[in-house]
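Chains as they are written, first to last, in this note's numbering: chain D, 1 to 114; chain F, 1001 to 1115.
As structure tokens, this is what we get:
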């Protein structure tokens, strides 16, 4: 049983560019959340998707947007990249049937903005 | 009210020793307190979790102690092993369908267990 898979694993962009990160949730999971983890910090919640809609959002600007597809996979898009967007972006999945936030994380996509 | 404060930032323990990491939360509505373990190049993995209706939960060498009145909880790793060397994160959340998938994480503790 594959867990959460993310792609790409590493990427380098320049300021002002746009990036799309992809996530496939664990089999049986229907809810996807995205987190930003800066170097040496804990993950910070960006937003959550369920039934193809953004259900909750953390303290991130509108440059950060997402999408969930009918097969529950998800994308994170970041526009107008800033140097401060350099981080590990983590996707986590769960199912509302678990009754709590038992999250399974992927290995992340490491974004470097030059 | 959404912060989770974790200490220490780093910890060095001898093999066989006890590692203790502490967390404090502010929001009294929180009712789920997990600990995650993260190795370099990997995503965080759930280690152990507790709800506020119990004061302690033990799974193997890992124990969570919970103090509801003080709004604090801690992770104890007994008989620490070099393979436990990793970064540990505490987290908090509250149960509701709209809150699914959202955890508030601490800043992390880097544990090094010396052989």
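Ideal Cβ placement from N, Cα and C applies to all residues, glycine included.
- Residue 72 of chain D is outside the set of residues whose beta carbon lies under 8 Å from a beta carbon in chain F.
- The beta carbons of residue 84 of chain D and residue 23 of chain D sit no closer together than 8 Å.
- At a cut-off of 8 Å between beta carbons, residue 1112 of chain F makes no contact with chain D.
- Three or more beta-carbon pairs separated by less than 8 Å are not found between the region 6-20 of chain D and the region 34-52 of chain D, which leaves the two stretches without contact.
- One finds 1100, 1101 in chain F with Cβ atoms closer than 7 Å to the Cβ of residue 31 of chain D, taken in chain order.
- Within the region 1064-1078 of chain F, not one residue has a Cβ closer than 8 Å to any Cβ of chain D.
- With fewer than 16 other Cβ atoms from the protein chains shown falling within 10 Å of its own Cβ, residue 28 of chain D counts as exposed.
- With three or more CB-CB distances shorter than 8 Å, the region 1062-1079 of chain F counts as touching the region 1017-1029 of chain F.
- The C-alpha of residue 110 of chain D lies about 38 Å from the C-alpha of residue 1054 of chain F.
- Proximity to residue 64 of chain D across D/19, D/31, D/25, D/94 peaks at D/19, based on C-alpha coordinates.
- Closer than 8 Å to the CB of residue 15 of chain D there is not a single CB belonging to chain F.
- The distance from the Cβ of residue 68 of chain D to that of residue 113 of chain D is about 25 Å, inconsistent with a contact at the 8 Å cut-off.
- Contact between residue 1090 of chain F and residue 1013 of chain F does not hold, since the beta-carbon distance rounds to 18 Å and is not under 8 Å.
- The alpha-carbon separation between residue 1041 of chain F and residue 1087 of chain F amounts to approximately 11 Å.
- Using a CB distance cut-off of 8 Å, residue 81 of chain D does not count as an interface residue toward chain F.
- The beta carbon of residue 66 of chain D sits no closer than 8 Å to any beta carbon of chain F.
- For residue 1022 of chain F, the uninterrupted beta strand (DSSP E) segment begins and ends at 1019-1025.
- Cβ proximity to chain D below 9 Å picks out 1031, 1032, 1034, 1036, 1038, 1041, 1042, 1043 from the region 1020-1043 of chain F.
- Using a CB distance cut-off of 8 Å, residue 84 of chain D does not count as an interface residue toward chain F.
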